[in-house]
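Residue numbers (the working numbering), protein chains in the order written: chain L, 9 to 638; chain H, 2 to 480. Here the structure comes first, spelled out in structure tokens, and everything after it is commentary.
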Amino acid sequence: MLDLLWLIPALPILGFLILALAGSRLSRKVQSCVGVGSVGFAAVLSSAISISFIVFPPPHYQYDQTLWNWISIGNFSPTIGFHLDALSVCMILVVTVVGFLIHLYSVEYMADDEGFSRFFAYMNLFVASMLVLTLADNLLLLYLGWEGVGLCSFLLIGFWYKEPDNIKAATKAFVITRIGDTSMAIGLFLLFNELGTLQIQELSVRAAQQWVVGSTTPMIAAALLLGGALGKSAQLPLQTWLPDAMAGPTPVSALIHAATMVTAGVYLIARMNVLFTLAPMVQSAVAIIGLATLLLAGFSALAQNDIKRVLAYSTISQVGYMFLGLGVGAWSAAIFHFVTHACFKALLFLAAGSIILASGHEQNMFKLGGVRSKLPVTFWTFLIGASSLASIPLVTDGFYSKDMILWQVWSSPTGGFWLWLGGVFGALLTSLYAFRMVFTACFGPAKTQLKHRSSNIIHIPLIILAILSIVVGFVELPHNIGNFHLFSDFLNSALPSFQADKIDTNNELALEIIAGISCFLGILISYVFYFKRPEYPERFFGGCVSQKIHSLWQSGWGFDWIYDSVFVRPFVRITRLNRNDFIDSFYALVSFVTTSLHKGLSLTQTGRLRQYALGISIGAVLVLLILVWL
Amino acid sequence: MKISDLLPLLPILLISGVVVLNLLIIAFYRNHLLTAALTGAGLIGACVSTVAVYSFAPRQVTHLIIIDGYSIFYMALVFAAGFVVTLLSYRYLELLEDDQEEYYVLLLLGTLGSSVIVASSHFASFFLGLEILSVSLYALIAYNRNDPLGIEAGVKYLVLAATSDAFLLFGIALIYADTGFLDFTQIAKSAGSGHVGLIIPGTGLLIVGLGFKLSLVPFHMWTPDVYEGAPTPITGFLASVSKGAVFALMLRYFTKVDIHTNNSLVLVFTVIAVASMFGGNLLALLQNHVKRVLAYSSIAHFGYLLTAFLASGSLAVTATSYYLVAYFVTILGAFGVIAALSGCRGEPDLLSSYRGLFWTRPMLGGVLAAMLLSLAGIPLTAGFVGKFYVMAAGIGSHLWFLVACITMSSVIGLFYYLRIISVMFSKIPEDFEETGLPDVSGIAAAGLALTVLTLFLVWLGIYPSSLIEVIHKMMSSCA
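Right, here's the structure in full:
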């Protein structure tokens with residue numbers, strides 16, 4: 009069974025090739041069969057492989073499949089090979105299953121779009137790249153997937169390319185993630201230079217042997233990789249691209265900018281956990297960046313009016329939780345949160361997409377309303393997603409994963425009270441903005457006409473994801489509730505288990521209660537402010553100072569403005585100074601020299617036979633001169 | 002010579018047999034499809050028979066011919082390339098008003114000559130093979146008698162090839178006068194004994210003759226004119242089979258004689274290599290005629306190849322062989338697209354006739370783009386891996402100057418490849434009218450050839466180790 013592993017990324021690639029080469033000649037029906045079917049088969053296959061992996065585990069819970077050596081020069085021989093362990097099992101399951109549901113949903117969502125086959129071609133290419141990224145057994149192949157998902161993200165954000173704003177958003181996402189990617193590439197060069205391999209397993213072994221904890225080289229390498237992770241996962245200070253990336257079609261936001269691609273940074277850090285453990289300072293930086301991001305993004309989410317932008321900031325904030333977890337060594341908890349987040353955030357985006365579709369592309373949630381009565385399926389699934397995001401205790405999966413992170417942050421030797429407190433405050437913000445969204449968009453009278461057109465194709469993925477958003481949480485229960493550790497036991501074969509310095513279950517219960525209170529407090533506040541007394545926000549926060557704060561939050565803490573004034577405008581000024589482009593004159597010189605040489609040499613091509621013969625004779629004389637006289 | 006010696010010569014004999022058979026059939030019954038099919042079958046058969054012959058290797062058949070892994074590899078390559086040229090020619094010849102059948106006889110003879118060249122271990126057999134190749138090429142280049150450019154190209158090639166052959170023969174004569182041998186092994190022995198005499202100028206004149214065939218600077222000036230005038234499939238044949246066979250022989254001879262012991266010989270090749278890289282790329286730079294661009298490009302590519310030739314060690318042989326295979330695939334693909342695009346009114350020669358090709362004929366445009374990217378050495382194509390190995394071989398032998406020259410001239414080269422691609426992607430001109438290609442049979446053959454070449458191109462680009470293993474296995478017997 010496991011030797012079919014290569015088929016999992018190959019199927020979506022095949023789908024991409026068919027759609028890209030022959031897409032326009034196929035009928036809609038065939039296009040959607042190919043587009044959805046390729047990912048569907050990949051999902052079935054990866055489920056089967058995961059089951060076989062769990063039931064008949066390969067030795068050391070690892071399975072390697074080397075397809076071929078790409079190139080072999082000296083000690084540089086990157087393979088095209090896949091590595092399956094508990095971590096990649098989780099990743100491929102999420103990518104293919106959630107990916108399949110989103111593809112299915114897109115058939116209806118994109119039904120009237122003229123770029124239908126182009127859309128599915130890009131989406132299939134994305135899934136394939138994401139699978140290559142997660143399965144790669146060496147960093148070079150991982151980088152191929154990494155760049156592949158970046159490219160697809162660019163193509164899909166700018167999918168409706170006739171709007172200049174969409175192109176700007178796509179370019180912004182591409183350029184900002186490029187900053188991170190460059191840092192990551194340099195990190196790879198450094199690792200290869202120091203350790204002489206890019207095979208992840210081998211590299212981890214050598215790193216642990218060769219470097220002592222806290223020395224400079226692993227620190228630099230980890231920091232460079234972290235740069236890549238920050239760009240891809242939209243964490244401080246490279247988070248500004250994600251809210252704008254909502255310009256793409258909503259299924260794209262669900263798949264790429266919520267469930268899978270933005271968590272690639274989390275995956276990278278978890279995959280390279282040995283390196284990050286060797287660099288404790290960088291690991292602490294991961295935690296602090298995670299915390300700062302989750303708080304800043306939480307505040308920003310509170311001030312948005314566009315429903316998709318709320319979800320975008322919420323994604324940044326939730327990925328911040330994962331970073332916080334990674335930073336304190338709660339590896340399994342972070343991956344657990346990735347899994348649950350993928351389910352409920354994809355659900356939220358798809359449900360929001362269903363509302364947007366029904367309202368004729370109205371995204372301002374203050375102009376929506378009445379979803380509860382008009383679109384009941386969408387409403388209930390959206391509510392489940394929002395509850396899970398707000399992590400309502402015991403019944404939602406978001407609770408179990410977030411609680412696991414918070415508890416481990418509390419009890420980790422590198423964590424502690426302050427990080428925990430920030431996390432809990434973030435949870436309060438989360439439930440506040442989640443239910444602000446629910447109350448304004450779903451309740452009250454419909455301010456925009458809602459056309460009921462959501463068909464079953466839209467409902468099925470919503471319902472399945474809603475079920476997943478509840479049940480996935482039960483694979484891992486805290487010590488005092490059930491004490492059931494299926495997920496972390498499974499992951500411990502691939503990731504180091506969590507090292508706590510104190511385990512006391514009394515505290516754990518207290519912490520859970522505090523987290524639960526913060527969640528309900530958030531719901532209560534939003535209930536009062538956005539349902540019971542909609543005039544309150546205006547009354548309390550109508551003042552000048554609060555207006556300023558509101559607009560600061562709404563603009564995402566003004567990062568765009570800061571980057572614009574610190575980087576973009578000075579750069580434009582410098583380029584203006586260099587209007588005549590004296591640097592370019594060097595290149596102009598190059599082109600002048602080559603074109604003049606071209607013209608000079610072309611004079612010899614006269615077309616006259618006797619001159620050609622003369623050329624040969626001169627050549628012969630020169631050859632003989634060199635040979636005989638030198 | 003014993004009867005049992007004939008068996009290792011099976012591929013060569015097979016081709017000769019098909020030549021005679023074709024001649025007989027043409028005398029009694031003219032049929033284009035029949036002749037073409039027979040030619041194709043003969044080439045395929047010869048290609049397959051090389052596998053059978055491999056069990057005899059290495060085997061010296063008389064003093065003249067050696068059948069070892071090296072010659073079998075290049076023979077197979079030559080036959081495969083000949084087969085591709087046959088596929089590409091069918092449709093092209095359908096457009097001619099003249100008789101088509103003799104073309105295939107000449108093509109088979111050219112392939113036969115090339116296979117003799119790669120298998121020869123003696124100057125006599127080499128010269129024999131070379132003349133079989135050249136004489137058939139004179140006629141093939143001027144095959145379209147109604148085209149004055151074709152006649153001109155044929156005459157130019159005839160006169161200049163005769164001139165260069167004179168140099169070549171004189172060089173061989175000097176070597177013979179000095180050592181008393183025409184056999185490569187014996188010559189290597191006498192040259193190795195530290196004796197310095199007429200062998201040096203003899204080798205110099207030999208280089209002139211070979212340099213002409215490989216169109217290396219400064220013996221290159223005929224190349225664009227002949228490539229332009231010849232029927233396009235034949236241009237592909239000239240650029241691949243004819244050059245590749247001569248290069249394989251040159252590599253065999255100079256590896257035996259060991260040029261590395263002679264500094265001035267290394268200097269000559271270095272000068273020629275650098276001049277070819279820069280000369281070829283600079284001449285192509287603003288050229289508007291696509292066939293001429295490819296002609297210049299092939300000059301530059303053999304300059305790169307000389308770097309691997311000058312490098313020593315087993316990596317050098319691997320690099321050259323890999324590069325030649327990649328180059329064969331690419332250049333045949335590129336000329337194949339041009340041949341497939343030619344209509345009744347002639348070939349699309351100027352760059353402007355490729356405007357918007359990607360939108361009007363996406364398949365052909367895509368294939369041509371892939372081939373050009375491979376020529377430029379962009380990753381995921383065969384050309385990249387080939388260039389990578391050539392540079393690795395150069396670096397391994399500390400030929401820093403040559404490697405630097407490859408890098409610089411490749412950048413120049415990138416310009417004109419991308420220029421063609423950008424023209425193909427630009428907007429379809431306003432006054433464009435869909436004329437459509439003339440409706441003749443044989444499109445499927447050309448399409449098949451181009452598809453296979455493109456698949457090969459990508460396959461070699463992402464899975465090069467498969468071919469590398471084959472090369473290692475074949476070359477282990479001789480290098």
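All C-beta atoms in this analysis are idealised placements derived from N, C-alpha and C, irrespective of residue type, glycine included.
Distance between L108/H and L141/H, taken at the CA atoms: about 7 angstroms. If you draw a straight line from the Cα of N588/L to the Cα of W360/H, it is about 37 angstroms long. Judged by pairs of C-beta atoms under 8 angstroms, the stretch 451 to 459 of chain L touches the stretch 364 to 383 of chain L, as three or more such pairs exist.
A341/H sits in a helix when the DSSP states are folded into three classes.
Between G615/L and chain H, the shortest Cβ-Cβ separation is below 8 angstroms. Using a Cβ distance threshold of 8 angstroms, L355/L and T389/L count as a contacting pair. F57/H and L597/L have their alpha carbons spaced roughly 59 angstroms apart. Under the Cβ criterion of 8 angstroms, S125/L is not counted among the residues facing chain H. The stretch 210 to 261 of chain H is shown to contain whole alpha helix (DSSP H) runs of 4 or more residues at 223 to 230, 233 to 238 and 244 to 258, in chain order. Beta bridge pairing from DSSP links Y71/L with L92/L.
Between R214/L and L198/L, the gap from beta carbon to beta carbon reaches 8 angstroms or more.
T448/L and G361/L do not touch by the CB rule: their CB atoms are close to 17 angstroms apart, not below 8 angstroms. By a beta-carbon distance limit of 8 angstroms, S409/L contacts A341/L. Their separation comes to about 7 angstroms. Cβ proximity to chain L below 7 angstroms picks out K157, V160, L161, T164 and S165 from the stretch 140 to 167 of chain H. Annotated three-state conformation of I475/L is helix, per DSSP.
W223/H reaches chain L at Y620, counting residues in chain order whose Cβ is nearer than 7 angstroms. Of the candidates A523/L, V135/L, A94/L and V157/L, A94/L places its Cα closest to the Cα of V63/L.
Contact of F220/H with chain L is assigned, a C-beta pair being separated by under 8 angstroms. Per DSSP, the unbroken beta strand (DSSP E) holding Q61/H starts and ends at R60 to V62. Inter-segment contact for the stretch 364 to 377 of chain H and the stretch 258 to 268 of chain H is absent: fewer than three beta-carbon pairs are separated by less than 8 angstroms. Beta-bridge partners of W426/L (DSSP): none assigned. For T74/L, no CB of chain H lies under 8 angstroms from its own CB, so it is not counted at the interface with that chain. Close partners of A300/L in chain H (Cβ separation under 8 angstroms) are lacking, with about 39 angstroms as the shortest Cβ gap. For I68/H, the enclosing beta strand (DSSP E) covers residues I66 to I68. Contact between S313/H and S398/H holds, since their C-beta atoms are separated by about 5 angstroms, short of 8 angstroms. Taking a Cβ-Cβ threshold of 8 angstroms, none of the residues of chain L is close to F124/H; the smallest such distance is about 19 angstroms. Secondary structure remark: continuous alpha helix (DSSP H) runs of at least 4 residues inside the stretch 298 to 345 of chain H, in chain order: 315 to 342. Here E520/L is not bridged, per DSSP, to any residue. Neighbours of S610/L in chain H, taken as residues at a C-beta separation under 7 angstroms, are given in chain order as L284. In this structure, H91/L lies near Q209/L, with their beta-carbon atoms less than 8 angstroms apart. Here the alpha carbons of L139/L and G155/H stand approximately 56 angstroms from one another. The beta carbon of D179/H sits no closer than 8 angstroms to any beta carbon of chain L. Nearest CB-CB separation between V386/H and chain L: below the 8 angstroms threshold. W565/L sits in coil when the DSSP states are folded into three classes, being neither helix nor strand.
Judged by DSSP in its simplified three-state form, I81/L adopts strand.
The DSSP assignment places 258 to 262, 272 to 279, 281 to 286 and 288 to 310 as complete runs of the alpha helix (DSSP H) inside the stretch 252 to 315 of chain L, in order along the chain (cut-off: 4 residues).
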